[in-house]
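Residue numbers (the numbering used here): 24 to 673.
Glycine is no exception: its CB is placed at the ideal position from the N, C-alpha and C atoms.
Laid out in structure tokens, this is it:
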């Protein structure tokens with residue numbers, strides 16, 4: 024009775040605290056209006072920008088800050104360049120590849136209650152941050168306007184943006200408002216490790232560019248022509264028909280180029296905290312949809328065979344999966360563009376991918392949820408987006424393709440004889456082994472560290488992606504599958520188009536599960552403890568045609584997790600109990616009609632136990648020593664063999 028009362032009290036406290044948090048929550052609002060012109064001969068962009076900013080905070084603001092991210096690539100003295108050098112990396116191959124953004128005019132305009140207008144044009148730039156003093160303090164509920172013009176020298180592609188050949192990828196390219204939240208101004212310079220944090224709002228962006236350039240962007244087209252109809256691929260055509268259509272398309276575009284008039288197109292986007300775009304004369308365009316939502320796919324002609332039809336289909340699967348597990352995709356379109364980055368990068372409504380791989384599409388479209396819709400501070404808490412979308416990608420791939428976590432049938436059709444016959448690890452096993460190797464390396468760092476504070480880039484990637492994804496696996500294991508799925512939906516419903524952080528996510532987890540998860544978040548996010556449970560003494564007693572088996576479980580390391588104990592009988596029956604795992608030692612009793620033959624801790628290898636050999640009787644596997652063998656089963660002594668031939672002259 025007391026336990027029930029305490030549980031009810033805990034749930035009441037959780038609900039009360041989360042309602043209080045929502046009632047006191049606020050975020051600023053920003054509206055960007057931009058008019059920009061691409062100048063390919065200069066590899067440059069000239070732009071005019073108006074920013075409307077409303078102070079929804081309880082604080083009076085006296086300063087204002089903008090990000091000037093392109094300045095990170097101005098020279099070798101920037102914060103990002105210096106940090107890269109510390110890790111023996113170079114941002115730019117050559118000095119002439121540099122890029123920057125110059126503010127050519129700037130004015131902050133603010134009016135008071137009496138209607139008086141004040142403006143200020145003074146500002147200072149430090150690395151990638153512009154700081155300006157407001158013409159008058161901005162009290163809660165008031166607004167201001169910023170008018171500026173800028174010149175962007177586009178760098179040769181490096182990082183996430185730039186040009187290569189005649190393609191331009193524009194990401195973090197404009198003067199962008201720094202977030203003001205409950206911690207104050209987030210005016211961090213652009214670090215080598217870590218990503219971004221943006222203020223939700225509205226974007227109206229008009230782009231002027233040469234007539235042969237095709238555009239993909241955040242938002243929907245509200246006027247002008249992005250050029251899609253000109254390069255639309257009719258996927259019903261045969262190869263011969265497509266070749267003729269391609270020749271006709273080329274003729275039309277030659278005439279456009281001869282005409283010489285600039286193309287103009289305006290995009291509009293709401294409830295987003297960034298705007299990105301890509302343009303190239305070589306783009307082809309395909310269109311699909313999922314449940315009435317348009318899917319735009321743009322790719323360079325050389326990858327038509329790999330991308331055509333495939334990416335539209337996989338984009339639709341991604342929207343169906345994410346909408347089913349978290350909440351309906353809330354934006355009016357999705358664009359997948361063939362980007363210059365090796366890998367992929369996410370932006371609201373737009374992802375830039377280097378390939379048509381299904382896992383990559385799921386990861387980046389998943390980012391539109393985790394980072395885009397649920398807007399975390401990426402340089403401070405990268406696990407909230409990188410970890411979550413890495414987790415959901417593996418969840419999807421295992422749901423679709425089974426335990427291997429990838430389309431093994433298609434892979435086998437392309438594989439060599441050696442690849443088909445050599446045993447390998449599943450996707451989960453490979454990632455688990457990588458995480459455990461890092462945890463045991465002596466260089467392990469907490470998941471919760473700010474991205475730029477890790478000792479090395481590898482530590483950042485391991486914690487944000489690999490360990491970060493297993494954090495959600497562990498959470499699902501602790502609260503249960505059905506409860507975890509409720510958490511996912513509640514988290515999305517409660518916090519979409521808002522800023523999220525650890526505390527807000529934890530509140531949702533505790534409210535939905537009814538569990539106190541302080542220990543879990545502290546252990547997995549803020550510490551580097553190891554998990555190691557060992558099977559102790561096993562006593563078997565046959566009494567009155569029943570077998571009573573007492574199993575001792577030992578905790579060998581500081582880390583705590585519930586651990587499942589599985590007993591298998593001669594009849595093939597399997598009985599599983601869960602031990603809370605908090606004490607140093609515990610005992611569980613099993614009652615079976617058939618004689619027990621095997622006892623195993625954590626039979627499905629779910630808790631990232633660092634030493635599997637003490638979880639039960641180890642196995643022995645004899646295997647031919649294939650070249651480049653990476654197979655590494657846990658709790659198994661792997662004995663490999665191979666013949667060797669030799670001779671001598673005797």
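query, result
"Collapsed DSSP secondary structure at residue 653 in the structure displayed", "coil"
"Neighbourhood of residue 107 by C-beta distance below 7 Å, restricted to the same chain and skipping five residues each side", "113, 114 and 215"
"Assumed close pair residue 241, residue 292 - CB separation to whole angstroms, cut-off 8 Å", "5 Å"
"Which residues DSSP lists as bridging residue 125, in chain order", "174"
"Proximal residues to residue 489 (C-beta, below 8 Å), its chain only, five neighbours per side dropped", "413, 454, 457, 458 and 461"
"Element boundaries [alpha helix (DSSP H), containing residue 675]", "Any answer about residue 675 is impossible in this case: the structure gives the chain only from 24 up to 673."
"Buried or exposed (CB count within 10 angstroms, at least 16 for buried), residue 562", "exposed"
"Cβ shell of residue 202 (< 7 Å), same chain only, five flanking positions each side left out", "209, 220, 221 and 222"
"Reference residue 258; option with closest CA among 166, 302 and 307", "307"
"Outcome for residue 321 when other beta-carbon atoms lying within 10 angstroms are tallied against a minimum of 16", "buried"
"Residue 511 beta carbon less than 8 Å from that of residue 348", "yes"
"Inter-residue CB distance, residue 163 and residue 83 (contact presumed, cutoff 8 Å)", "7 Å"
"6 Å CB neighbourhood of residue 179 in its chain, flanking five on each side removed", "120 and 185"
"Option nearest residue 640 by Cα separation, candidates 623, 654, 628 and 655", "623"
"The alpha helix (DSSP H) enclosing residue 678, as first and last residue numbers", "Residue coverage of the chain in this structure runs from 24 to 673, which leaves residue 678 outside it and unanswerable."
"For residue 290 and residue 228, believed in contact at Cβ under 8 Å, the rounded distance", "5 Å"
"Helix, strand or coil at residue 627 according to DSSP, with G and I counted as helix", "coil"
"Contact belief for residue 574 with residue 610 at Cβ below 8 Å, rounded distance in angstroms", "7 Å"
"Run of the beta strand (DSSP E) containing residue 375, from where it starts to where it stops", "373-376"
"Residues that residue 303 bridges to, as DSSP identifies them", "237"
"Buried versus exposed, by CB contacts within 10 Å (16 or more), residue 285", "exposed"
"Residue-chain proximity (residue 149, chain D), Cβ-Cβ < 8 Å", "Absent from the structure: chain D. Only one protein chain is present."
"Rounded C-alpha distance that separates residue 473 from residue 80", "25 Å"
"Backbone CA spacing between residue 250 and residue 650 [nearest angstrom]", "50 Å"
"Inter-residue spacing [alpha-carbon to alpha-carbon] between residue 410 and residue 480", "16 Å"
"Under the three-state DSSP convention, the category residue 384 falls into", "helix"
"Element boundaries [alpha helix (DSSP H), containing residue 526]", "525-536"
"Distance between residue 449 and residue 440 (C-alpha atoms, nearest Å)", "19 Å"
"Enclosing alpha helix (DSSP H) for residue 480 [first to last residue]", "480-484"
"Separation of residue 445 from residue 666, as counted between CA atoms", "16 Å"
"Where residue 199 falls, given that 16 or more other Cβ within 10 Å makes a residue buried", "buried"
"Distance between residue 493 and residue 673 (C-alpha atoms, nearest Å)", "59 Å"
"Contact under 8 Å by Cβ, residue 132 with residue 168", "yes"
"Counted within 10 angstroms of its Cβ, other Cβ atoms place residue 24 as buried (16 or more) or exposed", "Its pLDDT being 45, under 50, residue 24 is placed unreliably in this model, and the value from its coordinates should be taken loosely. The residue is exposed, with fewer than 16 neighbouring Cβ atoms inside 10 Å."
"Closest residue to residue 191 among 438, 408, 372 and 63 (Cα-Cα distance)", "63"
"Cβ-based neighbour list, residue 379, same chain, cut-off 6 Å, excluding 5 preceding and 5 following", "329, 330, 333 and 334"
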